[in-house]
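Since the structure comes first, as structure tokens, the remarks are kept for the end.
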Amino acid sequence: MALLPRSSRARYREYRRLLQQRRREGGVDASAHARAADIPRHWRNRPPTRSFLRLLVEFWRLLAGHRATIVMSLITGGIATLLGLLPLYGPKLVFDHVLGSVPIPRALPGGIPVPQDRHALLAFVAAAMVLLAMAALVVGLHSRWQMTRATKRVQVGIRKRVFDHAVHLPLHRVYELKSGGVASILREDAGGIAELIFSMLYNPWKAIIQLAGSLMVLAFVDWRMLLGSLAVLPVVYLTHRTWIGRIRPMYRDIRMTRQQIDAHATEAFGGMRIVRSFSRQRGESARFTISNHLMARQELFAWWWTRGVDIAWSVLIPVATAALLWYGGSRVLADAAAVAAGTLAQARALTVGDLVMFLAYLTALLGPVAALANSATMLQNNLAGLDRVLDLLEEPTEMPKRPGQVRVDRNSVAGRITFRRVSFAYPRSRRAGESAEPPPVLRDIDLDVSPGQVVALVGRSGAGKTTLCNLVARFYDPTAGAILLDGTDLRQIEVESYRRLLGIVEQDTFLFDGTIAQNIGYGRRGATMDQIIRAARLANAHEFIARLEGGYEALIGERGVKLSGGQRQRLTIARAILADPRILILDEATSNLDSESERLIQASLHTLMAGRTSFVIAHRLSTIAHADLIVVLEAGRIVETGTHEQLMARSGHYREMVELQTRPVQAPAVEDQPDPGHEVPVGK
Numbered sequence: 000m001a002l003l004p005r006s007s008r009a010r011y012r013e014y015r016r017l018l019q020q021r022r023r024e025g026g027v028d029a030s031a032h033a034r035a036a037d038i039p040r041h042w043r044n045r046p047p048t049r050s051f052l053r054l055l056v057e058f059w060r061l062l063a064g065h066r067a068t069i070v071m072s073l074i075t076g077g078i079a080t081l082l083g084l085l086p087l088y089g090p091k092l093v094f095d096h097v098l099g100s101v102p103i104p105r106a107l108p109g110g111i112p113v114p115q116d117r118h119a120l121l122a123f124v125a126a127a128m129v130l131l132a133m134a135a136l137v138v139g140l141h142s143r144w145q146m147t148r149a150t151k152r153v154q155v156g157i158r159k160r161v162f163d164h165a166v167h168l169p170l171h172r173v174y175e176l177k178s179g180g181v182a183s184i185l186r187e188d189a190g191g192i193a194e195l196i197f198s199m200l201y202n203p204w205k206a207i208i209q210l211a212g213s214l215m216v217l218a219f220v221d222w223r224m225l226l227g228s229l230a231v232l233p234v235v236y237l238t239h240r241t242w243i244g245r246i247r248p249m250y251r252d253i254r255m256t257r258q259q260i261d262a263h264a265t266e267a268f269g270g271m272r273i274v275r276s277f278s279r280q281r282g283e284s285a286r287f288t289i290s291n292h293l294m295a296r297q298e299l300f301a302w303w304w305t306r307g308v309d310i311a312w313s314v315l316i317p318v319a320t321a322a323l324l325w326y327g328g329s330r331v332l333a334d335a336a337a338v339a340a341g342t343l344a345q346a347r348a349l350t351v352g353d354l355v356m357f358l359a360y361l362t363a364l365l366g367p368v369a370a371l372a373n374s375a376t377m378l379q380n381n382l383a384g385l386d387r388v389l390d391l392l393e394e395p396t397e398m399p400k401r402p403g404q405v406r407v408d409r410n411s412v413a414g415r416i417t418f419r420r421v422s423f424a425y426p427r428s429r430r431a432g433e434s435a436e437p438p439p440v441l442r443d444i445d446l447d448v449s450p451g452q453v454v455a456l457v458g459r460s461g462a463g464k465t466t467l468c469n470l471v472a473r474f475y476d477p478t479a480g481a482i483l484l485d486g487t488d489l490r491q492i493e494v495e496s497y498r499r500l501l502g503i504v505e506q507d508t509f510l511f512d513g514t515i516a517q518n519i520g521y522g523r524r525g526a527t528m529d530q531i532i533r534a535a536r537l538a539n540a541h542e543f544i545a546r547l548e549g550g551y552e553a554l555i556g557e558r559g560v561k562l563s564g565g566q567r568q569r570l571t572i573a574r575a576i577l578a579d580p581r582i583l584i585l586d587e588a589t590s591n592l593d594s595e596s597e598r599l600i601q602a603s604l605h606t607l608m609a610g611r612t613s614f615v616i617a618h619r620l621s622t623i624a625h626a627d628l629i630v631v632l633e634a635g636r637i638v639e640t641g642t643h644e645q646l647m648a649r650s651g652h653y654r655e656m657v658e659l660q661t662r663p664v665q666a667p668a669v670e671d672q673p674d675p676g677h678e679v680p681v682g683k
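Read in order, the letters of the sequence shown are residues 0 to 683 in numbering that gives the first Met the number 0.
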């Protein structure tokens, strides 16, 4: 498989080539993209872009619960827009009746009386323009406040919905998205959807109201000049048809690149100990910089496409205004001559005031159209975010509720776990573009675990021990066979209620950025401080907690970085003890402890496992000799079962592993050692 080009310029050239290929194929990704080994997966596996109408319908569904507020804001916004158009009539009165020689009318359209004195008329027009402007400002401010408040509420609601959906995705999809990628979708994509309320609803609505009002006034002034001003609209349509259809896929790709950057940054800082231990700070920095350079090139490329709309309007508006000014000025001069000659009535003549008012309303007409054209690029950017959020929301959740499922609790179950010819293969990864089905990890597992029995799972790395425990925790369902709890298939049990029966302590400890009490209390909702302290004592953690500044209120940092490995492990054990589980899973639970702590915690674990169905994974076989049943796994199959004494009496896999661990380690032969003067090649 070819490696990705290292430089951002080379990767950008490949991206441009992909864009051209998309356009040739009608904008829909084809299988040929997935076969391009030198194109990043998040470009070539991009789902087809939804139509604008589909996005509009989905967006309206997301506004449920806020539609009444949004509609009222649109109504008041429309009123504010109409009020803002009325002052534009003032210049006509001033130019025609105050500064010109046209007689002052008795009343304005609508029967509004006007002063017959020119100075009084000037003061009346000025006062009316100020009052109307203030009224438009107040109503418009109220409208925009209501819409902004609705926007923030929608934003919170969408982010909550996306987060709730993401935490219920199948586990393999969560791993594929990565924590930084999910954060990018929540922050950038879900957060930007709410801005569509302005770019898709509020601003277009106000523009339509202003457009309609201006058209009515312009038609009243001179319909021929109106037709001339509308001649630019076909040019606008062609411009948008050419540009806009290509902008949204670009913004979608930019957002996907940003997601990859966020995921990489989160990964790099999460593994900073490894980065520094291998002195790879410069390499990680270069990788981050190259990706940012690539995104900058993508953004600049999209910028030029979006500027095409601005350039078109920057040319069209001055040309159209100049042409109409020339035509209108010529009409004013011709009509004035006709009125002086007595061949045209004054009421039918185009006056200077008419021309000034026409140009003012023409600006009001072209202004919203130009604003819509300029904001169309932002609209496409937000639509790209909506498109990506819908991709996530349309993914199936992990083990959704089904009719007929039962709820369980600690008091209603005994804890008997039965495997009936269980086989399992991990789901196919979307990101890898795999076509073949993954090979099975577990094959034909038959196992019956009695309530309260301690089962130790042993075997070489990759034998399937952790996978079997993942099935017990129901992080996955078997691809064949069934797992039963007290005779009931786990698929017939509501997954949330079942997992409340579990307590899990893994080798890779995970703690939240908070206090010690909060991390231990995570094991049980509403736990009291006395219960937390008792769990810490059982896990041999109380003494070191008491020595910390702040005690149980001490902050431990992200993932517990302020604690040692053994201290972190003891906190996770205390969390499991507090949960008081019916079924316990210990995955190398004592792997990070010193000898003294391990001795003390082994006694605590014996107390914890008493009366609970327990699955214990351990590579140090001396720690599981007490188990009621030892299950030996090899290549996904059970090859031996029995107690420690029974298995040692056989000459099988278990005895071989025990003897291998207890056998003294011998130094390699001289001929097997590398020559000190010979440089051993290291993979780059």
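Beta carbons: idealized from backbone N, C-alpha and C, even for Gly.
Predicted model only: the values in this text are computed from it and were never measured.
Mark F511 as exposed unless 16 or more other C-beta atoms lie within 10 angstroms of its C-beta, in which case mark it buried. F511 comes out exposed.
Does DSSP put T265 in a helix, in a strand, or in coil? DSSP, read as helix, strand or coil, puts T265 in helix.
Kindly indicate the opening and closing residues of the beta strand (DSSP E) around G139. First-last for G139: 117 to 166, but that is the alpha helix (DSSP H), not the beta strand (DSSP E).
Give me the Cα-Cα distance between P438 and P426, rounded to the nearest whole angstrom. Cα to Cα, P438 sits roughly 10 angstroms from P426.
Determine the extent of the beta strand (DSSP E) in which S613 is found, giving its start and end residues. It spans 612 to 616 - the beta strand (DSSP E) in which S613 sits, taken as one unbroken run.
Could you check what DSSP says for L570 in three-state terms: helix, strand or coil? In the structure shown, L570 sits in a helix (DSSP, three-state: H, G or I).
Which of helix, strand or coil does DSSP assign to F197? In the structure shown, the three-state DSSP call for F197 is helix.
Ends of the alpha helix (DSSP H) at R186? R186 -> no alpha helix (DSSP H), and no H or E assigned at all.
Over what stretch of residues does the alpha helix (DSSP H) that includes I207 continue unbroken? Annotation: the continuous alpha helix (DSSP H) that includes I207 extends over 202 to 220.
In the DSSP assignment, what are the bridge partners of D18? The sequence given here places Leu at residue 18; Asp does not occur at that position. Bridge partners of L18: none, in fact.
Limits of the beta strand (DSSP E) - the one that F418 falls within: Per DSSP, F418 belongs to the beta strand (DSSP E) from 416 to 423.
Looking only at its chain, what residues have a beta carbon closer than 7 angstroms to the beta carbon of R257, apart from the 5 residues adjacent to it on each side? Only S183, E187, M294 meet the Cβ criterion.
Would you mind giving the Cβ-Cβ distance between T80 and I208, rounded to the nearest angstrom? I have them listed as a contact below 8 angstroms. Indeed they touch by this definition, with Cβ atoms about 4 angstroms apart.
Starting from I584, follow the beta strand (DSSP E) in both directions and report where the run begins and ends. DSSP places I584 in the uninterrupted beta strand (DSSP E) bounded by 582 to 586.
Helix, strand or coil for I544? Go by DSSP, reduced to three states. DSSP places I544 in helix when its eight states are reduced to three.
So the candidates are H618, I416, R499, L226; which of them puts its Cα closest to the Cα of Q506? Residue H618 holds the alpha-carbon nearest to the alpha-carbon of Q506 among H618, I416, R499, L226.
Reducing DSSP to helix, strand and coil, say where I246 ends up. Residue state, collapsed to three classes: helix.
Cα-Cα separation, A211 to L315: Each residue's alpha carbon lies about 20 angstroms from the other.
With distances taken Cα to Cα, identify the nearest neighbour of F418 among R8, R442, P395. Among R8, R442, P395, the Cα nearest to that of F418 is on R442.
Say whether the stretch 561 to 574 touches the stretch 532 to 540, bearing in mind that this needs 3 or more beta-carbon pairs closer than 8 angstroms, one atom from each stretch. In short, these stretches touch, since the Cβ pair count reaches three.
N202 burial status per 10 Å Cβ neighbour count (16 or more: buried): Under this definition N202 is a buried residue.
When DSSP labels each residue in this structure, what does R10 get in the three-state scheme? If DSSP states are grouped into helix, strand and coil, R10 belongs with the helices.
Classification of D688 by the beta-carbon crowding that lies within 10 angstroms, buried from 16 upward: There is simply no residue 688 to check, as the chain begins at 0 and stops at 683 in what is shown.
When the Cα atoms are used, what is the spatial distance from R12 to M249? Straight-line Cα distance between these residues: approximately 14 angstroms.
Can you tell which of I444, S411, M647 has the C-alpha that lies nearest to the C-alpha of S422? It is I444 whose Cα lies nearest to the Cα of S422.
Can you name, in chain order, every residue of its own chain whose Cβ lies under 7 angstroms from the Cβ of H65, other than the five neighbours on each side? If we look at H65 and ignore the five residues flanking it on each side, its Cβ neighbours are A149, R152, V153.
Mind checking G700: buried by the 16 CB within 10 Å criterion, or exposed? The structure shown does not extend to residue 700, since the chain is modelled only from 0 through 683, so no value can be given for it.
Considering only residues of the same chain and omitting the five flanking positions on each side of A218, which have a CB-CB separation below 6 angstroms? Excluding residues within five positions, the ones whose Cβ falls inside 6 angstroms are L225.
How many Å lie between L120 and A230 at the Cα? The C-alpha of A230 is placed about 37 angstroms away from the C-alpha of L120.
First and last residue of the uninterrupted alpha helix (DSSP H) at T640: Note, T640: premise wrong, no alpha helix (DSSP H); beta strand (DSSP E) at 636 to 641.
Determine the DSSP secondary structure at D334, reduced to helix, strand or coil. Three-state result, D334: helix.
Applying the 10 Å Cβ sphere with the 16-neighbour rule, what's the burial state of D28? For D28, the pLDDT reaches just 41, beneath the cut-off of 50, and the residue's location in the model is therefore unreliable, although a value from the coordinates is still provided. Flag for D28 reads buried.
R43 classed as buried or exposed, judged by whether at least 16 other C-beta atoms fall within 10 angstroms: Because R43 sits at a pLDDT of 47, beneath the cut-off of 50, its placement in the model cannot be relied upon, and the point is left open.
From the DSSP output, in three-state form, read off E393 for me. Three-state DSSP puts E393 in coil, outside helix and strand.
Quick one: what does DSSP say A63 is sitting in, helix, strand or coil? Here A63 sits in coil by DSSP.
Please state if the CB of A413 and the CB of L632 are separated by a distance shorter than 8 angstroms. Not in contact: L632 and A413 (Cβ atoms no closer than 8 angstroms).
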